[in-house]
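K.L.:
Shown below is the structure under consideration.
Residue numbers (this note's numbering): 8 to 745.
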């Protein structure tokens, strides 16, 4: 049995006419398409591009950790290749370097500024929207493709991460391409499409390591079963695709591993200067089982099924208050439409491209969602952007197929169920931010229910009424995510843990409204003593006695993104108690820490604001040094590097926990005159505070390594202190006297 969807995309019914000019074909699209279809696609793509560009510079350098690496790669080709955090090539970021390359090339051309860093991400996001449209349109109607593209463009987490400089924008684009190429391979059996799919996943590995491999099982199984050539040839094609994956993702790994360690930067995030260790440990199995040595959790595993330091785990994780508002708006509808699509294609032949499309995109959605739901290691809300292309494609394909089958009563019931699910779930999600557009949840709920009533009679209703019911259901389904997306693009997002949507849209790890910061449901272990997170009115205090820190915007942990007055006081206690050094968080330099981003902990783990006087101090005679300064932890170092456009060494890498450089190496750098200043503070725990030395981080969350603490102790004991405003530097060219 076949359907219209299993016919070739273009069927010649008359002798072929001369091909139209490329520009006309690009504007007109397929001959069988309505005249408005292709212009509507270009309009949607342009609107997406403009939406993602809007207010882009408000985020500044976004994640300063990666922006510092971009700065380094724009000045040093060695840093470009390895993904070094600094132009002196002391240590790399904790990822492969491919995702940095477009941004680094942009900065080389346009100079170091926010737009040069972030516009390449916008382009990749717009490209992902185009790929999803193209994938859906090949087998379904133009309207189905437009629906899928719109769903992706208006997913809040997508609108955030396609405007942010983490690896996830490139990952999402390449994963969408891999799905597209696999379906093309099922369509015509050509080996080249599988090879391109392998190349896409290989380069995705060079963006975010093993996460790129999550969708390999459904892609390989679908082609092995549904490919239109004989079984032996299918296996051979899959072998060639695997070879393409290994070559495209492995060439860089081979070079890094074979390069003499003495002449390349230390591999950040590893404990033994090995990219393979980083791949299979901290960035690999450690993310699954929670045993992440050197991470902000310090290893030791998660807490299993109920919850851990990175949020609650379980089948409902994607729907919880920690994650739901980021991506799950149409997830219930997508699951219903996926089931309906598979039911509708159940009697088609083995090689049905329609069914294969549902299996590829739906399988990718399900396996990624399952891994995210149960992984015990580091998990951030923005990871869910990986779901967005798959979810969007399933929604577009399901809606398109059921519309074509609307004369069958079950199709109307399925569309009605999807409309009810999206309306009801949108009501729940909007209710979690009750102060944000409180009227909208009622419109979403009523619109979804009214649309469902009309869809129940879809087969018997006149076409215009049927279109009206479908349109109402679509508008109701997209109203919530559209509002959250507009809030997202209208806000600045900085730091390492950005979240989409308005204040309170995500609360992972920082308590609940009205709850103490006791680490419940994924908070930091032990929480913050006395910490409150009541809609921005929390009061976070650690044991008194230390110098006043900078506190948190909104007080306590920014669980609800408030605007109150918060203070954080500490005594620099050891073993992860309080805020070591009393320096506030993050930054720990005595300068103002920045907490950016709308909702949730947008600015968590961001660096310090650098004063003009501090910048002037570091730039004096900067050309005489490989590194104008060194500081524990990458975010603090990154802030000074971006402010000065000069290399700053991050001792211990991202968390200050990597054993690089050793004390002996650091002493040699100082003796050779390669480092000018040591910047006090930094790292997860603040490093060296004004009232004491921090060794354990805070809340048991890693903090500085023994190496970082040894370096800070040696510097403090031997070199002259220079105070600039509230920041403390040590001049490594001036020995302490007396």
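C-beta atoms are modelled at their ideal positions from N, C-alpha and C, and glycine is treated no differently. Keep in mind that this is a model prediction, so the values were computed, not measured.
#1: Hey, quick one: how far does the alpha helix (DSSP H) through residue 140 stretch, first residue to last?
#2: Among 437, 189, 132 and 398, which one has its Cα closest to the Cα of residue 452?
#3: Report the option in 417, 238, 632 and 110 whose CA atom is closest to the CA atom of residue 680.
#4: The alpha helix (DSSP H) spanning residue 188 covers which residue range?
#5: Since residue 738 sits in a beta bridge, which residues does DSSP pair it with?
#6: By alpha-carbon positions, which one of 284, 326, 135 and 474 ends up nearest to residue 377?
#7: If you compare alpha carbons, which of 80, 195 and 271 is closest to residue 653?
#8: Along the chain, where does the alpha helix (DSSP H) that runs through residue 655 open and close?
#9: If we ignore side chains and look at the alpha-carbon of each, how far apart do residue 282 and residue 620 end up?
#10: For residue 196 and residue 49, I'd like the C-alpha separation in whole angstroms.
#11: Cα separation between residue 392 and residue 329?
#12: Hey, would you say residue 399 sits closer than 7 Å to residue 729, going by beta carbons?
#13: From the DSSP output, in three-state form, read off residue 374 for me.
#14: Buried or exposed for residue 497, please, with buried defined as at least 16 other CB atoms from any protein chain shown within 10 angstroms of its CB.
#15: How many angstroms separate the CA atom of residue 181 from the CA atom of residue 661?
#16: Here's the rule I'm using: 16 or more other beta-carbon atoms within 10 Å means buried, otherwise exposed. How should residue 42 be labelled?
#17: On the DSSP bridge assignment, give the partners of residue 71 in chain order.
#18: If you draw a straight line from the alpha carbon of residue 44 to that of residue 35, how long is it in whole angstroms?
#19: Which two residues bound the contiguous beta strand (DSSP E) that contains residue 4?
#20: Considering only the beta carbon of each residue, do residue 416 and residue 462 sit closer than 7 Å?
#21: By how many angstroms is the C-alpha of residue 160 removed from the C-alpha of residue 627?
#22: Consult DSSP for residue 744 and reduce its assignment to one of helix, strand or coil.
#23: What's the gap between the Cα of residue 747 and the Cα of residue 57?
#24: Measuring CB atoms only, is the region 418-425 touching the region 366-381, in the sense that at least three cross pairs come out at less than 8 Å?
#25: Excluding five sequence neighbours on each side, which residues of the same chain lie with their C-beta closer than 6 Å to the C-beta of residue 331?
#26: Which residues bound the alpha helix (DSSP H) around residue 429?
#27: On the three-state DSSP scale, how would you describe residue 90?
#28: Return the CA-CA distance between residue 708 and residue 440, expressed in angstroms with no decimal places.
#29: Would you kindly report the start and end of the unbroken alpha helix (DSSP H) that includes residue 623?
#30: Give me the residue from 175, 509 and 467 with the minimum Cα distance to residue 410.
#31: Of the residues 319, 189 and 74, which one's Cα is nearest the Cα of residue 127?
#32: Might you give, ordered along the chain, the residues of its own chain that have their beta carbon closer than 7 Å to the beta carbon of residue 95, omitting 5 neighbours on each side?
#33: Would you identify the three-state DSSP class for residue 733, choosing helix, strand or coil?
#34: Determine the closest residue to residue 163 out of 684, 495 and 636, with distance taken between C-alpha atoms.
#35: Any chance the region 185-194 sits against the region 223-235, with 3 or more Cβ pairs inside 8 Å?
P.N.:
Short version:
#1: Sequence index remark: in the chain shown, residue 140 carries index 133 (1-based). It spans 121-146 - the alpha helix (DSSP H) in which residue 140 sits, taken as one unbroken run.
#2: Position 445 of the chain shown, counted from the first residue, corresponds to residue 452. With distances taken between Cα atoms, residue 452 lies closest to 437.
#3: In the chain shown, residue 680 corresponds to position 673, counting from 1. It is 632 whose Cα lies nearest to the Cα of residue 680.
#4: Here the question's residue 188 lines up with position 181 in the chain shown. Residues 175-195.
#5: The residue you call residue 738 lines up with position 731 of the chain shown. Paired residue(s): 684 and 727.
#6: Numbered from its first residue, the chain shown carries residue 377 at position 370. Answer by Cα proximity: 326.
#7: For the purposes of this step, residue 653 is taken as residue 646 along the chain shown, with counting starting at 1. Considering only alpha carbons, the answer is 80.
#8: The count along the chain shown starts at 1 and reaches residue 655 at position 648. No alpha helix (DSSP H) holds residue 655; the beta strand (DSSP E) holding it covers 655-658.
#9: Locating residue 282 in the chain shown gives position 275, counting from the first residue. Locating residue 620 in the chain shown gives position 613, counting from the first residue. In this structure, the straight-line span from the alpha carbon of residue 282 to that of residue 620 is close to 38 Å.
#10: In the chain shown, the residue the question calls residue 196 occupies position 189. In the chain shown, the residue the question calls residue 49 occupies position 42. Computed Cα separation, rounded: 30 Å.
#11: Working through the chain shown from its first residue, we reach residue 392 at position 385. Working through the chain shown from its first residue, we reach residue 329 at position 322. Cα to Cα, residue 392 sits roughly 14 Å from residue 329.
#12: Position 392 of the chain shown, counted from the first residue, corresponds to residue 399. Position 722 of the chain shown, counted from the first residue, corresponds to residue 729. In this structure, residue 729 does not lie closer than 7 Å to residue 399 by Cβ.
#13: Translated into positions along the chain shown, residue 374 becomes position 367. Residue 374 falls in the helix class under three-state DSSP.
#14: If you number the chain shown from 1, residue 497 lands on position 490. Exposed.
#15: For the purposes of this step, residue 181 is taken as residue 174 along the chain shown, with counting starting at 1. For the purposes of this step, residue 661 is taken as residue 654 along the chain shown, with counting starting at 1. Near 26 Å, if we compare the C-alpha coordinates of residue 661 and residue 181.
#16: Mapped onto the chain shown, residue 42 falls at position 35. Looking at its Cβ environment, which holds fewer than 16 other Cβ atoms inside 10 Å, residue 42 is exposed.
#17: The sequence position of residue 71 within the chain shown is 64, counting from 1. Answer is none; residue 71 lacks a bridge partner.
#18: Numbered from 1 along the chain shown, position 37 holds the residue referred to as residue 44. Numbered from 1 along the chain shown, position 28 holds the residue referred to as residue 35. Rounded to the nearest angstrom, the two C-alpha atoms are 8 Å apart.
#19: Only positions 8 to 745 of the chain appear in this structure, which leaves residue 4 out of reach.
#20: To locate residue 416, count along the chain shown from 1; it is residue 409. To locate residue 462, count along the chain shown from 1; it is residue 455. Not in contact: residue 416 and residue 462 (Cβ atoms no closer than 7 Å).
#21: If you number the chain shown from 1, residue 627 lands on position 620. If you number the chain shown from 1, residue 160 lands on position 153. So the two alpha carbons sit approximately 46 Å from each other.
#22: Your numbering for residue 744 matches position 737 in the chain shown. Here residue 744 carries a coil assignment [DSSP, helix/strand/coil].
#23: There is no way to answer for residue 747, as the model of the chain reaches only from 8 to 745.
#24: no
#25: Taking the chain shown and counting its residues from 1, the one referred to as residue 331 is at position 324. Taking residue 331 as the centre and dropping the five residues before and after it, the same chain places the C-beta of 436 closer than 6 Å to its C-beta, in chain order.
#26: For the purposes of this step, residue 429 is taken as residue 422 along the chain shown, with counting starting at 1. Element bounds for residue 429: 416-438.
#27: Within the chain shown, numbered from 1, the residue matching residue 90 stands at position 83. Three-state result, residue 90: coil.
#28: The count along the chain shown starts at 1 and reaches residue 708 at position 701. The count along the chain shown starts at 1 and reaches residue 440 at position 433. Residue confidence for residue 708 is low, a pLDDT of 39 falling below 50, so the modelled location carries little weight and cannot support an answer.
#29: Position 616 of the chain shown, counting from 1, holds the residue named residue 623. Its alpha helix (DSSP H) spans residues 619-626.
#30: Against the chain shown, residue 410 aligns to sequence position 403. Nearest of 175, 509 and 467 to residue 410, Cα basis: 467.
#31: Along the chain shown, one-based indexing puts residue 127 at 120. Taking only the C-alpha atoms, the option nearest residue 127 is 74.
#32: Working through the chain shown from its first residue, we reach residue 95 at position 88. Excluding positions up to five away in sequence, the list reads 633, 634, 654 and 656.
#33: Locating residue 733 in the chain shown gives position 726, counting from the first residue. In this structure, residue 733 counts as coil in the three-state DSSP scheme.
#34: Against the chain shown, residue 163 aligns to sequence position 156. That would be 495, whose Cα lies nearest to the Cα of residue 163.
#35: yes
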